[in-house]
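In our numbering, the protein residues as written are 8 to 242.
Using N, Cα and C, we set each Cβ at its ideal position, and we do this for glycine too.
Bear in mind the structure is a predicted one, so any value in this text is a computation, not a measurement.
Heads up: the structure comes next, in structure tokens.
What follows is the structure, given as structure tokens:
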């Protein structure tokens with residue numbers, strides 16, 4: 008058999024439609040065969056498929072063609088006005104934008120802490136109640152957050168999946184590797200806006216600000232403007 012002359016089902020259907028002069032249907036529509044997994048973007052191609060492979064008496068209605076064509080368009084995306092990140096829903100966009108605005112509507116009833124997401128508050132509340140629902144199956148140690156348990160399990164398994172490209176060290180957590188690499192590169196991305204001193208990690212900058220009282224003037228005055236942008240998405 009000459010494999011160069013073997014035609015696929017789609018090629019045969021294309022040639023038959025070219026001969027009949029049929030035009031494609033509107034773009035973005037799908038007609039699915041209800042008797043197998045084949046899908047087509049034209050109803051006449053589905054009809055030809057049914058007659059060829061499922062019998063001459065089979066019609067599109069018999070094959071349960073969707074009454075409303077399936078859309079092939081990409082799902083709607085919601086873009087952040089600050090950084091341009093795309094998320095899948097308006098509610099996710101509101102939560103994401105709280106990182107920029109600093110809004111924390113979920114307040115702890117035990118202390119003054121507040122959080123941008125209800126799930127964050129739920130996990131924080133466990134520091135007051137002592138609840139630790141995520142328990143290690145090896146040593147029975149409990150954790151308030153599931154990812155903390157995942158990190159802890161590497162102590163038992165010896166797994167250190169995050170490896171340094173500059174030396175032979177490896178780490179159980181990705182953030183430990185990030186900080187370690189900065190010691191190789193000299194990168195200090197966190198800078199004090201008052202004195203200019205730079206730090207490897209954000210917590211070091213935060214501690215510096217608290218110890219030296221190095222808070223930038225006018226920082227709070229920017230807040231209302233950013234919240235105004237957020238309100239546009241909540242109307």
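Evaluate contact between the segment 111-125 and the segment 139-153, counting only Cβ atoms and requiring at least three cross-stretch pairs below 8 Å.
They do not touch, by the three-pair rule.
Leaving out five residues before and five after residue 161 in sequence, what residues of the same chain have Cβ atoms less than 6 Å from its Cβ?
Counting only residues of its own chain and dropping the five nearest sequence neighbours on each side, residue 161 has a CB closer than 6 Å to the CB of 179.
Take residue 153 and list the residues in its own chain whose beta-carbon comes closer than 7 Å to its own, dropping the five residues that flank it on each side.
Taking C-beta separations shorter than 7 Å and ignoring five residues to either side along the sequence, the partners of residue 153 in its chain run 141, following chain order.
Per-residue burial, residue 146 [other beta carbons within 10 Å of its own, 16 or more giving buried]
Exposed is the label assigned to residue 146, since fewer than 16 other Cβ atoms lie within 10 Å of its Cβ.
Quick check: what's the CA-CA separation for residue 79 versus residue 48?
Any answer about residue 79 is weak, because its pLDDT of 46 lies below 50 and its placement is not dependable; what the coordinates show is given next. For residue 79 and residue 48, the gap between their C-alpha atoms comes out near 10 Å.
Below 6 Å CB to CB, which residues in the same chain sit around residue 168 once its five sequence neighbours on both sides are set aside?
The beta carbon of residue 168 sits closer than 6 Å to none of the beta carbons in its chain outside the five residues before and after it.
Any idea if residue 217 is buried or exposed, counting beta-carbon neighbours within 10 angstroms, 16 or more meaning buried?
Residue 217 comes out exposed.
Return the residue from the list 207, 103, 96 and 98 that minimises the CA-CA distance to residue 89.
Residue 103 is the option with its Cα nearest to residue 89.
Rounding to the nearest angstrom, what Cα-Cα distance links residue 212 and residue 37 in this structure?
Distance between the alpha carbons of residue 212 and residue 37 is about 55 Å.
Which value, in whole angstroms, describes the spacing of the CA atoms of residue 197 and residue 166?
Distance between the alpha carbons of residue 197 and residue 166: 30 Å.
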